[in-house]
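J.: Dropping a structure here in structure tokens format, bear with me for questions.
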Amino acid sequence: MISKEQFIEKVREEVFPQLLATESERIRTLYKGGVWIIFGFIILSFLLLLEGYNNKDGIKICQYSICLACLFSLYRAAHIWDKYVHEQKKKFTPSFLKFLGHLKYGQTDIDIDLLQHSCLFPPFKHSINDDCISGFLGKTRFSLTETDLLIYNLGGVPLMYEKGTIFRGICIYIPLKRSISGYTLLFNTSIPQHFPDLEKITLDYISFRKNYRVYSSDQIEARTLLTPSFMEKLNTLKKRFNNKRIDVSFWSNHVLFAIHTTEDLFEPYSLFKSTRNVKTYEKFYDGIKAIDDIIRILTINNQALSQKGKFNKRLYEKISWNKKSQEVIIDFIRDIGLLKLFRKRMK
Amino acid sequence: MIIFCIILAIVVLILYFSYVGVIQAKNQLDEALSGIDVQLKMRCDLIPNLLKMAQKFMKHETETFTKITTLRTEVMKQPIGTAKRFAAESKLQDAIKPLLVSVENYPQLKSDTTMEKAMENFAQVEENIAASRRFYNTALRELKNKIQIFPSSLFAKYAGDISDYVYFKASKQDKKPIDVNDYL
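Heads up: the protein sequence lines correspond to chains A and B, in order.
For what it's worth, the working numbering labels the leading residue of the first sequence as 1, then goes sequentially.
For what it's worth, the working numbering labels the leading residue of the second sequence as 1001, then goes sequentially.
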């Protein structure tokens, strides 16, 4: 992969002219959204004004309408900005990616099945993907996506289900040439996890043991994968991602990294920063470079055995967060909620 | 009276879990030792295959093959898990290394697909041996911590005599600085 200086140089030569041409459009879009927000605040001030009057029905209707109008103006601002950023990302991100390898924007190998099979997350119903990048860094294929994983949870009111986000961050998937017989899960937390069908692995060094919890179906296999050099590199990568939590799962011939972050690490375009701001592009480069480092670690530590891995479905069903039990629990909680509501009404 | 019973119950529970911890640590140590043996056996089983393929091309290395075969026979004679077995395995490992390096001098052999796969399998097994040794060291450390620190130290005798268990160390041969000229 090219160096950061070479990357910035190429961006300046080839992409900057097109980016600078959009600068005025960016500022116009920013002002458009800003106008809607200011309009929303002005409407809000009327709401506060009306609050001083008597609590009559007419006033109430006005207040509700003002609330709706305020919300609409905020939504409109967000929609304008979001749409513009999305268009610009689609237009310019491929231009940045072509300097870094054979990479494509908008495509990913990461689907719901893969995320569920990794066993890094509790059962979830939906995933919302934002930026997707896939392709080859060197000879190794990888995919990444910024994703939100959602589950429907019981909210504060019985019978009403709220969406709950169980994971928000970046998932990086790398297919391995090596075959892994079981599961090895690494959680970047000091809180013990509950996997009764897996063994707890005590890592070699105290510093790792304090910050990571490892569970695996095979002690030897886990240690072959999580060598001290791999753990050191993982620590370095954490610093690259601002010390965000990184969980890793090895299974079959897959490895999935889940980085818990709300930051947009793979967006070379920002509405709120000037297109001349080089730091945005450096941040983008750092993100892709970190993935390149991960790939090089895995190639160093794992000899290239050209075996196709078999998915251990039996083990997966045993250790995955039991979907059925969770649905039963949700139904049970809902029933208790119904019971409380019934009792309240009886009183 | 009730408070006394509760305190007594807590103390009994602590002692019980300490005892369980010592037994579990000892069992894990035995498992780790057995794990090393499994990997060493796998390596031993790969050697005849490797030698057969190498003999076709490396006709002038008969001395090396003979030495390796003799050492392998010596290894198979020793009981599993004993210090003598580990010492014999260490000598065998030292004998195989130059053979694998000298494969580089025979391009025909190096490019043979079967030989390539055999070398890959061998490298994988070596990795597994290193991992199992690290597991053994970790298990031994955990057991030693338990029997030396109170309250688990009260149950040290249930772990048996662990003086024979030593941390795995590299041989003198491995610690010698490498001279690149030996291989060029």
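Glycine included, C-beta positions come from ideal geometry on N, C-alpha and C.
Note that the structure is a prediction, hence the values are computed from the model and not measured.
In terms of residues, what are the limits of the beta strand (DSSP E) holding H260 of chain A?
T.: Segment 245 to 260, the beta strand (DSSP E) holding H260 of chain A.
J.: Give the interface partners of T224 of chain A over in chain B, defined as CB-CB distance under 7 Å, in chain order.
T.: Under the 7 Å cutoff, chain B gives E1127, N1128, A1131.
J.: Looking at the secondary structure, which residues open and close the beta strand (DSSP E) in which Y1136 of chain B lies?
T.: Per DSSP, Y1136 of chain B belongs to no beta strand (DSSP E); it is in the alpha helix (DSSP H), 1113 to 1148.
J.: Quick one: using the 10 Å Cβ neighbour count with 16 as the cut-off for buried, is A1009 of chain B buried or exposed?
T.: Per the 10 Å Cβ criterion, exposed.
J.: Give me the subset of the segment 172 to 204 of chain A whose CB atoms are less than 7 Å from a CB atom of chain B, sorted by chain position.
T.: Hits within the stretch, in order: T202, D204.
J.: Between I1047 of chain B and the rest of its own chain, which residues show a CB-CB distance below 6 Å, the 5 nearest in sequence each way excluded?
T.: If we look at I1047 of chain B and ignore the five residues flanking it on each side, its Cβ neighbours are R1072.
J.: Keeping to the same chain, check which residues put their C-beta closer than 6 Å to that of N301 of chain A; ignore five residues upstream and five downstream.
T.: Here N301 of chain A scores only 48 on pLDDT, less than 50, and its place in the model should not be relied on; the value that follows carries that caveat. The residues are T227, F230.
J.: What does T1138 of chain B reach in chain A if we use C-beta pairs closer than 7 Å?
T.: Within chain A, the residues near T1138 of chain B are T202, D204.
J.: Quick one, which residues of the segment 216 to 250 of chain A are near chain B if we go by CB-CB under 7 Å, in chain order?
T.: Taking 7 Å as the Cβ-Cβ cut-off against chain B, the residues of the segment 216 to 250 of chain A that qualify are Q219, I220, R223, T224.
J.: Report buried or exposed for V1011 of chain B, applying the criterion of at least 16 other Cβ atoms within 10 angstroms of its Cβ.
T.: V1011 of chain B is exposed by the Cβ-count criterion.
J.: On the premise that Q88 of chain A lies in contact with D1035 of chain B, defined as a C-beta separation below 8 Å, what is that separation, rounded to the nearest angstrom?
T.: Residue identity differs from the one stated: residue 1035 of chain B is Gly in this sequence, not Asp. Actually they are not in contact, since the Cβ atoms of G1035 of chain B and Q88 of chain A sit about 55 Å apart, beyond 8 Å.
J.: Does the beta-carbon of C67 of chain A have 16 or more other beta-carbons within 10 angstroms, so that it is buried, or is it exposed?
T.: So C67 of chain A counts as exposed.
J.: So is E1204 of chain B in contact with chain A if we call contact Cβ pairs under 8 Å?
T.: For residue 1204 of chain B there is no data in the structure shown, the boundaries of chain B being 1001 and 1184.
J.: Taking 8 Å as the cut-off, does the segment 271 to 281 of chain A touch the segment 289 to 298 of chain A (at least 3 CB pairs, one atom from each stretch)?
T.: No, they do not touch.
J.: According to the Cβ coordinates, are A1159 of chain B and L1143 of chain B closer than 8 Å?
T.: Yes, the pair counts as a contact, with Cβ atoms nearer than the cut-off.
J.: Would the beta-carbon of L256 of chain A fall within 8 Å of that of A290 of chain A?
T.: Contact flag unset, no.
J.: Using the beta-carbon count (16 or more within 10 Å), is P268 of chain A buried or exposed?
T.: The residue is buried, with at least 16 neighbouring Cβ atoms inside 10 Å.
J.: Leaving out five residues before and five after R1133 of chain B in sequence, what residues of the same chain have Cβ atoms less than 7 Å from its Cβ?
T.: Result list for R1133 of chain B: I1036, F1168, in chain order.
J.: Quick check: the Cα distance between L1051 of chain B and L1029 of chain B, rounded to an integer number of angstroms?
T.: When rounded, the distance between both Cα atoms is 34 Å.
J.: Thinking F99 of chain A and F16 of chain A are a contact (beta carbons under 8 Å), I'd like their distance in whole angstroms, please.
T.: Not confirmed; about 13 Å, so no contact.
J.: Express the C-alpha separation of I319 of chain A and S252 of chain A in angstroms, rounding to a whole number.
T.: Cα to Cα, S252 of chain A sits roughly 15 Å from I319 of chain A.
J.: Name, in chain order, the residues that DSSP records as bridge partners for R213 of chain A.
T.: Paired residues: A:F187.
J.: Grab the span of the beta strand (DSSP E) containing K200 of chain A for me, first residue to last.
T.: Note, K200 of chain A: beta strand (DSSP E), 199 to 201.
J.: Quick check on DSSP: helix, strand or coil for L1051 of chain B?
T.: In this structure, L1051 of chain B counts as helix in the three-state DSSP scheme.
J.: So, does the CB of R1072 of chain B fall closer than 8 Å to a CB anywhere in chain A?
T.: It does not; no Cβ of chain A falls within 8 Å.
J.: For N129 of chain A, list the residues DSSP reports as bridge partners.
T.: Paired residue(s): A:T147.
J.: Over the uninterrupted alpha helix (DSSP H) stretch that includes K239 of chain A, give me the two end residues.
T.: Its alpha helix (DSSP H) spans residues 228 to 240.
J.: Name, in chain order, the residues that DSSP records as bridge partners for S134 of chain A.
T.: BP columns for S134 of chain A point to A:K104, A:S143.
J.: For V1075 of chain B and A1088 of chain B, which I take to be in contact (beta-carbon distance under 8 Å), what is that distance rounded to the nearest angstrom?
T.: Right, the Cβ-Cβ distance comes to about 4 Å (below 8 Å), so this counts as a contact.
J.: Under 8 Å, do G40 of chain A and L19 of chain A count as touching if we go by C-beta distance?
T.: No, the pair does not count as a contact, with Cβ atoms beyond the cut-off.
J.: If contacts are defined as beta-carbon pairs under 8 Å, then L225 of chain A and C119 of chain A qualify, I think. What distance do you get, rounded to the angstrom?
T.: Between C119 of chain A and L225 of chain A the Cβ distance is about 15 Å, and since that is not below 8 Å, they are no contact.
J.: Take every Cβ of the segment 164 to 181 of chain A, pair it with every Cβ of the segment 200 to 214 of chain A, and state whether three or more of those distances are shorter than 8 Å.
T.: The answer is no - the segment 200 to 214 of chain A does not touch the segment 164 to 181 of chain A, with fewer than three Cβ pairs under 8 Å.
J.: Please classify D197 of chain A: is it buried, with 16 or more other beta-carbons within 10 angstroms of its beta-carbon, or exposed?
T.: Counting Cβ neighbours within 10 Å, D197 of chain A comes out exposed, since fewer than 16 surround it.
J.: Do L30 of chain A and L271 of chain A have their beta-carbon atoms positioned less than 8 Å apart in this structure?
T.: Yes, Cβ-Cβ distance for L271 of chain A and L30 of chain A is below 8 Å.
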